[in-house]
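Numbering follows UniProt numbering, in which position 189 of the sequence shown is assigned residue number 189; successive positions increment by one, without gaps. Don't be surprised by glycine CBs; every beta carbon is placed ideally from N, CA and C. Here the structure is laid out as C-alpha cells; the discussion comes afterwards.
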Amino acid sequence: MSMSENKTTSETSDHHETDVELENMNDLPEPQEKKNRWKPLLIWIIPLIALLIALSLAVKALLSNGPTIEVSFRTAEGLVAGKTTVRYKQVDIGVVRQIDLAEDRSHIIARIDLRKDASNFAAQDSRFWVVRPRIGTSGVSGIDTLLSGSYIEVDGGKSPEKKLEFTGLEIPPVITSDVPGKEFFLKADDLGSLDIGSPIYYRRINVGQITAYKLSDDGKSVELQTFIRAPYDKFVTTDTRFWQASGIDVTLNASGFNLDTQSLASIVAGGIA
Numbered sequence: 001m002s003m004s005e006n007k008t009t010s011e012t013s014d015h016h017e018t019d020v021e022l023e024n025m026n027d028l029p030e031p032q033e034k035k036n037r038w039k040p041l042l043i044w045i046i047p048l049i050a051l052l053i054a055l056s057l058a059v060k061a062l063l064s065n066g067p068t069i070e071v072s073f074r075t076a077e078g079l080v081a082g083k084t085t086v087r088y089k090q091v092d093i094g095v096v097r098q099i100d101l102a103e104d105r106s107h108i109i110a111r112i113d114l115r116k117d118a119s120n121f122a123a124q125d126s127r128f129w130v131v132r133p134r135i136g137t138s139g140v141s142g143i144d145t146l147l148s149g150s151y152i153e154v155d156g157g158k159s160p161e162k163k164l165e166f167t168g169l170e171i172p173p174v175i176t177s178d179v180p181g182k183e184f185f186l187k188a189d190d191l192g193s194l195d196i197g198s199p200i201y202y203r204r205i206n207v208g209q210i211t212a213y214k215l216s217d218d219g220k221s222v223e224l225q226t227f228i229r230a231p232y233d234k235f236v237t238t239d240t241r242f243w244q245a246s247g248i249d250v251t252l253n254a255s256g257f258n259l260d261t262q263s264l265a266s267i268v269a270g271g272i273a
C-alpha cells in the first residue's frame with residue numbers, strides 16, 4: 001500500500017471519530033432550569049402575614065377599649081375631639097372621640113371612649129364636668145389647664161346599674177362621692193350671703209360646705225343641701241341648730257366696742273355655724 005493510501009485512510013478514520021464525538025455531544029441532555037417551588041407561596045404568604053397582623057391589632061384594640069358613653073354639655077368650650085382626655089384623680093381613663101351638636105341645637109354631645117379597665121365609671125350615678133380655669137367664692141381652680149388644656153373630670157358612681165348617656169355638670173361638684181360624710185338639708189328664710197361652696201363651721205373649724213340650694217315649692221323659704229365631712233358628721237343630731245355666720249359681728253355696749261369676726265372665707269363667701 002502506498003503512502004497516499006495510508007494518509008487517506010487515516011484522515012477518514014479521524015473524520016469518523018470526530019463525527020462520533022459530535023453525535024455523542026448532541027445526545028447529552030440539555031441543562032434544565034431549577035424551578036423555585038416557594039416563589040408562588042411567597043406571593044401569598046406576605047399578604048397573609050399582613051392580614052394576620054392587622055387582625056391581631058384590631059382584636060387588641062377591641063379588647064382594650066371599654067364602653068362608649070355620651071355626655072352632653074351646654075357648649076364645647078375647651079373640648080377637642082381626639083385630644084381632650086377624661087380623668088379620674090389625674091389619671092387618663094378615656095378620650096373624647098367625637099363632638100356633635102344636638103338636633104335641637106341646645107347643647108353638644110361628647111362621645112367618649114373609656115378604657116377597658118375604666119368600664120365601671122359608666123355607672124348610673126357617675127358625674128362628669130369640664131375642668132377649666134374658674135374663679136369663685138371658694139377660690140381659684142383649674143389653673144393648670146391654662147397650659148395643658150381643658151379636660152373632663154369624672155366622679156365615679158357606686159351604683160351597680162350601668163348607664164351610657166349622661167348630662168354633664170356645668171359647675172364642678174363641691175364634694176365628690178369618695179369623701180366620707182353625710183348630707184343634711186336645711187331651711188332658711190333667705191339665702192343671705194350664702195352660695196354653693198360656702199363653708200360650715202363647728203367651733204370655728206371648717207367641717208363641711210353648702211353643696212346646693214333652691215327655693216321651696218311654696219316660695220316662702222330657701223332649702224339648703226349641705227355636706228358634713230366625717231368624723232364631724234357624728235356631732236349633728238336632732239337638737240343641732242344652724243345659723244348664718246355673716247363673718248363680722250359688731251356690738252357697742254357700756255363696756256365698749258366689740259368686733260367679732262369669723263374666718264376670711266366666711267367674710268368673703270358667707271358661712272354657716
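Notebook entry, point to check: Cβ of A110 within 8 Å of Cβ of V71?
Noted result: Working through the sequence shown from its first residue, we reach residue 110 at position 110. Working through the sequence shown from its first residue, we reach residue 71 at position 71. The answer is yes: Cβ separation under 8 Å.
Notebook entry, point to check: Hey, would you say G82 sits closer than 8 Å to V91, going by beta carbons?
Noted result: Here residue 82 refers to the residue found at position 82 when the sequence shown is read from its first residue. Here residue 91 refers to the residue found at position 91 when the sequence shown is read from its first residue. Their beta carbons are not under 8 Å apart, which means G82 does not touch V91 by this criterion.
Next item on the list: Taking all protein chains shown into account, decide if R127 is buried (16 or more other Cβ within 10 angstroms of its Cβ) or exposed.
Entry: Locating residue 127 in the sequence shown gives position 127, where the first residue counts as 1. Classification for R127: buried.
Notebook entry, point to check: Using 8 Å as the Cβ pair cut-off and three pairs as the minimum, do the region 185-197 and the region 216-231 touch?
Noted result: A contact is defined here as three or more CB-CB pairs under 8 Å, and the region 185-197 meets this definition with respect to the region 216-231.
Notebook entry, point to check: When you compare only the Cα positions, how much space is there between T237 and T176?
Noted result: Start at 1 with the first residue of the sequence shown, and residue 237 comes out as number 237. Start at 1 with the first residue of the sequence shown, and residue 176 comes out as number 176. Their Cα atoms are separated by approximately 23 Å.
Note to self: At the level of alpha carbons, what is the spacing between D155 and D218?
What the structure shows: Walking along the sequence shown from the start, residue 155 turns up at place 155. Walking along the sequence shown from the start, residue 218 turns up at place 218. Cα to Cα, the separation comes out at about 33 Å.
Check: Does the separation of the CB atoms of I112 and R132 fall below 8 Å?
Finding: Counting from one through the sequence shown, the residue named residue 112 turns up at place 112. Counting from one through the sequence shown, the residue named residue 132 turns up at place 132. No, the Cβ-Cβ distance between I112 and R132 is not below 8 Å.
Notebook entry, point to check: CA-CA distance, A76 and T167?
Noted result: Residue mapping note: residue 76 aligns to position 76 of the sequence shown, counting from 1. Residue mapping note: residue 167 aligns to position 167 of the sequence shown, counting from 1. Taking the straight line from one Cα to the other gives about 13 Å.
Check: If we call anything under 8 Å between Cβ atoms a contact, is G197 one with D233?
Finding: Position 197 of the sequence shown, counted from the start, is the residue given in the question as residue 197. Position 233 of the sequence shown, counted from the start, is the residue given in the question as residue 233. Between G197 and D233, the CB-CB gap reaches or exceeds 8 Å.
Next item on the list: Assuming V86 and I152 form a contact by the criterion Cβ under 8 Å, report the distance between their Cβ atoms to the nearest whole angstrom.
Entry: The count along the sequence shown starts at 1 and reaches residue 86 at position 86. The count along the sequence shown starts at 1 and reaches residue 152 at position 152. Contact between V86 and I152 holds: their C-beta atoms lie close to 5 Å from each other, under 8 Å.
Check: By how many angstroms is the C-alpha of Y88 removed from the C-alpha of D178?
Finding: Here residue 178 corresponds to residue number 178 of the sequence shown, with the count starting at 1. Here residue 88 corresponds to residue number 88 of the sequence shown, with the count starting at 1. Taking the straight line joining both Cα atoms gives about 11 Å.
Checklist line | Contacts around A230, its chain only, beta-carbon distance under 7 Å, and the 5 residues preceding and following it disregarded | finding: Mapped onto the sequence shown, residue 230 falls at position 230. Scanning its chain for C-beta atoms nearer than 7 Å, with the 5 sequence neighbours on each side dropped, one finds around A230 the residues P180, G181, in chain order.
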